[in-house]
Structure formats: structure tokens, C-alpha cells
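Residue numbers for the sequence shown follow our numbering, beginning at 835 and rising by one.
Note that beta-carbon positions come from the ideal geometry of N, C-alpha and C, so glycine has one too.
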Amino acid sequence: MYKKIKFEHRIVMIGFGTVGQATIPLLFNHLDIQPHQIQIITKDDPGNAIVERYGISLILNVITKENYLEVLAANLKPKDVLLNLSVGISSVELIKYCQQNEVLYLDLCTEPWAGFYDNENLAPKQRTNYALREAVLKLKNGPSTTALVTHGANPGLVSHFVKQALINIAKDSGQELHAPTSSQEWASLAKSLNIKAIHIAENDTQNILRYRQAQEFINTWSVGGFIGEGLQPAELGWGTHERHWPEDAEGYDYGEKCSIYLNRPGASVKVRTWTPSRGPFHGFLITHSEAISIADYLSYKENNRVIYRPTVHYAYQPCPLARLSLLELAGNEWQIQSKHQIIIDEIVDGSDELGVLLMGHQRGAYWFGSTLSIQEVRKIADYNNATTLQVVAGTIAGLLWVIEHPKAGLVEPEDIDFQYVLTIAKDYLGQLSGHYTDWTPLTNRERLFTEEVDHSDPWQFKNIRVT
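This is the structure:
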């Protein structure tokens, strides 16, 4: 039985792409609302039956720097929810408006205004998720109307996976445990377990029955969103155990200084990782905000000095046709393809395996997460594939938390109750499970060629990065 709550105000959704459309069926599973309480504002006509089937209202409007205040004022009232699923509309400006006007807010990633990611006039450091996150954190002002930022699947659910994984490892290691309730307590637990590195390790195998055409980018979620983050610099939370500073790395002189970036697009950087069904593979080190927020949250301090922090980053194997699309994109020196296709109904098989891999503890490495097949998805929710349903699971759980905690101020996924979120999301995540492995990034290395590796510590980023 789904958790369902009464909501008497309106949900205004900005953006109605793949995830927006996938969210609609689940809204009615969990909210006791009428169709007239849902308002969609989007620049593109979805051209499908969702709006008509559910009887919801849709306004076609292009939101810009010049008109966003007018559009928001015309469509939002105090105690409404702004569900921001857009691309190319400033999250900072939307949050400011909502906080000033007592409107609840939820987004899935921190977006800048359009033209940011490929702006040749901006230095790489300015185009990072670290910079975007710092701009959002400046809006924190104590108790105020709730704004939950970056709460989809990843970022979002994976922060809760990390907490569950830490508890599971501690219990399996025979460690006496009391449930942590603060950043420092969670960081202390990770430190005591000797967690050196955390991967958001994802393997998408969903496929269709046709070939990809030349100059076509195919993906299981937003093509524009994937290309945008793929062209940002690769970013990772930088652990205190690391001994080898990458030659192409840069740090920061402001904020918590919990992460670094590499002077190259994330879509060109690969790392060694592991998931249960795939085993070891090379994934893309695409920048994601959870790499920064998790590393920051798990930073253990003494006398205001960080003495422990794990290295954290994404390690992504997109669906087979998206991998081919990335190869073409790189071969064209990052000139974006002219045709874009998001696959949903065409998918014939495959799954999305999304989890967190915690490394360095006494049992080696432990993956915890969701394995969701396309066959399972089609029994659960219309208008979804395995990737979007994982995202929507985090979105819905975050939305319910926002409605039930309307005065929490600006919060990130790590700040909220992981058990609350996972209890709601688990119904949509297929197999939610944990797996130990004896794999390390040095497994099967140096058989044919000599490599420059650090044998004294397998979990050094030097060993994990593919060069």
C-alpha cells in the first residue's frame, strides 16, 4: 500500500520532458489531489496522451531571465509546490522566489540559465557543479520555507543508499552501532569503517531493436542533460587518504574545498568500478553534485580541521547506444549531434543497476543499490523506463518529505531522513540489495604491460582512473 497524503494546494511543474511525464502517474499514487491542482509549464508540447488522460493543465511558455518573475507570480501562491524539472532555468533564481513567497520547492539538479555549460567565455572552474552548489548554499538562511535541492536518483537516492550501506557494513563487521543523526556522526562512522572511496556506480543495459544513425544521440533520459554534464569538467570529492595529485587537477580557494576538478570534460575521463551484475568495468567520471555533497557531508573535523574525508565520484556506464553516441560526440570534438532520441516504449530488454560502491573497509568493497529491469518497470508505472523510474522514485519521496516538512529551509539529500525516503522509494526500485566483492582496481592489472600503480593502497584514485 502506497503512502498517501492529503494536499490542498497546487503543484506547479516547470519542465515536462521524460522525467516530468514519468512523474505524473506516481503523483496520483501518493497524493490525494485532483487533476486541477496540477499545473505544468513547459516550452514544448509533449504531443502525447498524458495530459488528456490525467486531465491536468498545461501552459506552453518559454521561461527566460526576462519573464520568469512574471510567470512565477501568475502561477504560484503561498503553500504551493514548485517542482522544478526544467533544463536551462536558474535554480538559484527559482529558489529565491519560492523562499520569498512561501512556496515549497524541489528540484533534481542545480541548473544555470541556458548557455552556461558550453559558454567558451567561462573558465572550467566557473562551469563546475562545485561553483553551482556554492551559489545555492549561499541561500541558506535558517528555518524558512522548505527547498529540497538535487533530489532525484543521483543526485538524491544515492545519498540515502550511502547511509544504508554504512549501517549494513557496520552491522556485518560486528561493530556496535547507534543510529547517526548528524553529519559528524555519519562521518565518524565512515571513518571508523575506513571507507576510503565511494563510487556512484551505475550500469545501464537497456536496448532497442534498431541501429543508431550517424549524428544521432540516443539515451534513456534527457539527451541535453547528459551532454551538458558530460561537457562540464570531471569532478570528484577528494579524500584525505589520497597521495597522488592528478596533473590535470585544480582545487578551490573558497567554500569547504571538499572537491577537485579535472581540466577535461567528464565524458572523456574513465574510471574502474564494479557492480553486481556487470562485475568490473570502465565507467565515465561524469560530474554530479552528489560527489561533492556526500564528500562534504562525510568530512570529519577536529578543531575545525578536516582529518577524514572519502573520495567520492560517479562511475557511469550509460546504455549501449548512449555509449556509441558519446564516442561520436568525442570524435567530433564535442560538437553536439543534430538528432536526439530518448528511448522509452522502444526498449526491448535490459535494466538499470544504480548503487553506491563503498571501498577500503575490512571486507574490501560493498555495493548497495537498485537493480531494476524494463520488465519490472512495465508492471509498475506507465511512461517510464528503468532509468526514469529510479529518478521518479527519488522525486516522489522527496516531494512527500517537502510537503510534510514545510519549514525546513534549504536542505540537500544528506540532510533529510534516509529511512523515510527509502521506505517510499523501494516500491519502485526493483531489487534493492547489497553485495560484497573482493574486486579492487588492481585486479588483473599489469599482466601484459607494466603500469604505474600504487600497490600499497588499491583505493588510490591513481589506481582507479583509466589512463
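Could you pull the start and end residues of the alpha helix (DSSP H) that residue i belongs to?
i: Ala-864; result: Here residue 864 is His; the residue named in the question, Ala, does not match the sequence. Residues 852-864.
i: Asn-1297; result: 1295-1298
i: Ala-1227; result: 1220-1238
i: Leu-971; result: 963-971
i: Arg-887; result: 884-888
i: Ile-1061; result: 1057-1065
i: Lys-806; result: Missing from the structure shown is residue 806; the chain here goes from 835 to 1301 and no further.
i: Ser-1022; result: 1017-1026
Measure the CB-CB distance between residue i and residue j and report whether it falls below 8 Å.
i: Thr-1039; j: Ser-1185; result: yes
i: Ala-856; j: Val-1226; result: yes
i: Phe-1202; j: Gln-998; result: yes
i: Leu-906; j: Gln-933; result: no
i: Ala-1101; j: Ala-1024; result: no
i: Gly-1089; j: Glu-968; result: yes
i: Ile-872; j: Ile-890; result: yes
i: Asp-1032; j: Ile-1126; result: Reading off the sequence shown, one finds Ile at residue 1032, where the question assumed Asp. The answer is no: Cβ separation not under 8 Å.
i: Val-853; j: Trp-1055; result: yes
i: Glu-904; j: Ile-923; result: no
i: Ile-1250; j: Phe-841; result: no
i: Pro-1240; j: Thr-984; result: no
i: Ile-839; j: Leu-1234; result: yes
i: Cys-1153; j: Asn-1053; result: yes
For residue i, tell me which candidate among the options has the shortest Cα-Cα distance.
i: Ile-1029; options: Thr-1301, Lys-1296, Pro-1292; result: Pro-1292
i: Phe-1304; options: Val-905, Leu-860, Asn-895, Ile-1001; result: In the structure as shown, the chain starts at 835 and stops at 1301, and residue 1304 therefore has no counterpart that could be examined.
i: Tyr-1200; options: Ile-1034, His-1012, Gly-1243; result: Ile-1034
i: Arg-1143; options: His-843, Thr-962, Ala-965, His-1075; result: His-1075
i: Asp-941; options: Ile-1230, His-1174, Ser-1016; result: Ile-1230
i: Tyr-1180; options: Lys-913, Lys-911, Arg-1044, Arg-1279; result: According to the sequence displayed, residue 1180 carries Glu and not Tyr. Per the Cα distances, Arg-1044.
i: Ala-978; options: Leu-903, Leu-1119, Lys-913; result: Note that residue 978 is Ser in the sequence shown, not Ala. Among Leu-903, Leu-1119, Lys-913, the Cα nearest to that of Ser-978 is on Lys-913.
i: Glu-1069; options: Pro-1099, His-1078, Glu-1238, His-985; result: Pro-1099
i: Ala-908; options: Lys-837, Ala-948, Arg-844; result: Arg-844
i: Cys-943; options: Glu-936, Leu-928, Ala-957; result: Leu-928
i: Arg-887; options: Gln-1066, Gly-1117, Asn-901, Pro-859; result: Pro-859
i: Ile-1120; options: Thr-962, Leu-956, Gly-986, Gln-1169; result: Thr-962
i: Asp-1261; options: Leu-1206, Phe-850, His-1269; result: Leu-1206
i: Val-1190; options: Ile-1003, Leu-919, Thr-980; result: Ile-1003
i: Ser-1017; options: Trp-1235, Ser-1026, Ser-1133; result: Ser-1133
i: Asn-1219; options: His-1078, Val-1182, Asn-1137; result: Val-1182
i: Tyr-1148; options: Ile-1052, His-864, Glu-1124; result: Glu-1124
i: Glu-1063; options: Leu-919, Asp-952, Tyr-1254, His-1195; result: Asp-952
i: Ser-920; options: Leu-1027, Gly-1059, Glu-1084, Val-1300; result: Gly-1059
Helix, strand or coil: which one does DSSP assign to residue i?
i: Ile-1141; result: strand
i: Gly-1085; result: coil
i: Trp-1108; result: strand
i: Pro-1247; result: helix
i: Gly-949; result: coil
i: Pro-1114; result: strand
i: Thr-1205; result: strand
i: Arg-1157; result: helix
i: Ile-1258; result: helix
i: Gly-1165; result: helix
i: Asp-1130; result: helix
i: Ser-1267; result: strand
i: Ser-1102; result: helix
i: Asn-909; result: helix
i: Lys-838; result: coil
i: Glu-900; result: coil
i: Ser-1123; result: helix
Just checking my contact of residue i with residue j at CB under 8 Å: how many whole Å lie between their CB atoms?
i: Trp-1108; j: Ser-1093; result: Not really, about 22 Å apart at Cβ, beyond 8 Å.
i: Arg-1106; j: Pro-1275; result: 4 Å
i: Val-846; j: Ile-875; result: 7 Å
Taking residue i as part of the beta strand (DSSP E), name the residues at either end of that continuous run.
i: Asp-1006; result: It is not in any beta strand (DSSP E) - Asp-1006 instead sits in the alpha helix (DSSP H) that spans 991-1006.
i: Ala-957; result: Segment: none, Ala-957 is in no beta strand (DSSP E) and carries neither H nor E.
i: Glu-1285; result: That residue, Glu-1285, is in no beta strand (DSSP E); it is neither H nor E in DSSP.
i: Lys-1241; result: That residue, Lys-1241, is in no beta strand (DSSP E); it is neither H nor E in DSSP.
i: Gly-1194; result: 1185-1195
i: Ile-1052; result: 1050-1053
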